Ligand SMILES: NC(=O)c1ccc[n+]([C@@H]2O[C@H](COP(=O)([O-])OP(=O)(O)OC[C@H]3O[C@@H](n4cnc5c(N)ncnc54)[C@H](OP(=O)(O)O)[C@@H]3O)[C@@H](O)[C@H]2O)c1
């Protein structure tokens with residue numbers, strides 16, 4: 495159960511329409527939170543909002559593309575009248591795979607914008623208000639990909655790595671001010687976005703997370719920052735953090751190729 499006195503009464507979930515994001519919404523709503531759901535696809539957003547509303551929760555939807563120039567200002571304006579005690583930045587899967595050299599640079603920069611440049615002002619705004627109130631929580635959703643460089647998803651991996659290190663610093667800074675920061679590291683997770691991409695979830699021995707479990711682990715570890723690795727992925731994270739970078743990076747690249755089918 496997520497403590498509404500510490501993290502409520504409202505939670506903003508960026509990327510709250512499906513997968514782990516909608517699981518966060520359902521679980522928080524069940525604990526009495528009001529939820530603000532943000533995503534691009536307005537139809538899917540409304541479906542999730544209706545489901546959560548039907549369970550008795552207050553819900554506000556904010557359809558926007560985080561990549562738009564006005565996204566941060568629009569979201570801040572749409573939530574300005576709410577006391578937001580929990581910010582979850584979930585949107586951020588890689589949308590442009592493949593080698594960096596020879597790729598479309600604008601697309602690569604979109605990955606960076608989604609996972610870093612739009613996240614910083616949102617954290618700055620919402621965490622600032624939480625620090626003033628001396629309570630709250632910020633969760634940045636990360637990935638095992640953020641533990642090593644990758645030829646298939648180089649900017650994505652680097653941006654998740656940035657988020658992990660950023661979260662650690664923010665955690666130290668905010669802890670004495672009553673605000674918890676958690677970087678939740680996901681391994682392969684059966685989300686609709688990854689199902690649409692055709693990810694191979696059936697590789698023998700590979701841990702596959704289910705959105706409800708992953709969201710529950712994130713919420714129950716809000717106070718256990720700075721980093722929480724979703725169960726089943728701890729050993730991989732340890733291996734990826736090893737000193738033999740050439741071996742690790744090559745083997746991790748081979749593994750990613752199997753999952754994404756290249
Ligand atoms: N699934 C995995 O195997 C896996 C593994 C490791 C880490 N992760 C991390 O887990 C998080 C969730 O991943 P996911 O697989 O569910 O895919 P995702 O594409 O990040 O989608 C999650 C949510 O974000 C929204 N979203 C995506 N792009 C957006 C944008 N530009 N503006 C506003 N909202 C946006 C989606 O709705 P719309 O599409 O309607 O906008 C959806 O509600 C990501 O941070 C990802 O890096 C996932």
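Numbering (the working numbering), first residue to last: 495 to 756. Even glycine gets a Cβ: it sits at the ideal position worked out from N, Cα and C. Everything numeric in this text was worked out from a predicted model, so none of it was measured.
Taking only the alpha-carbon atoms, compute the straight-line gap between residue 586 and residue 609 and give it to the nearest angstrom.
6 Å
Check this for me: beta carbons of residue 638 and residue 715, under 8 Å apart or not?
no
Give a single yes or no on whether residue 683 has its beta carbon closer than 7 Å to a heavy atom of ligand 1.
yes
Determine which residues share a DSSP beta bridge with residue 555 and list them.
531
Mapping DSSP to helix, strand and coil, what is residue 572?
helix
Taking all protein chains shown into account, do 16 or more other C-beta atoms lie within 10 angstroms of the C-beta of residue 564, making it buried, or fewer, making it exposed?
exposed
Please classify residue 730: does DSSP put it in a helix, a strand, or coil?
helix
For the stretch 593-672, which segments carrying the alpha helix (DSSP H) assignment without a break, of at least 4 residues, lie completely within its bounds, in sequence order?
599-606, 613-627, 648-668
Would you call the CB atoms of residue 591 and residue 754 closer than 8 Å?
yes
Is the number of C-beta pairs between the stretch 527-542 and the stretch 660-678 that are closer than 8 Å three or more?
no
For ligand 1, is there any heavy atom lying closer than 7 Å to the beta carbon of residue 514?
yes
Measuring CB atoms only, is the stretch 601-615 touching the stretch 624-631, in the sense that at least three cross pairs come out at less than 8 Å?
no
Is the stretch 551-564 touching the stretch 526-534 in the sense that three or more CB pairs, one from each, lie closer than 8 Å?
yes
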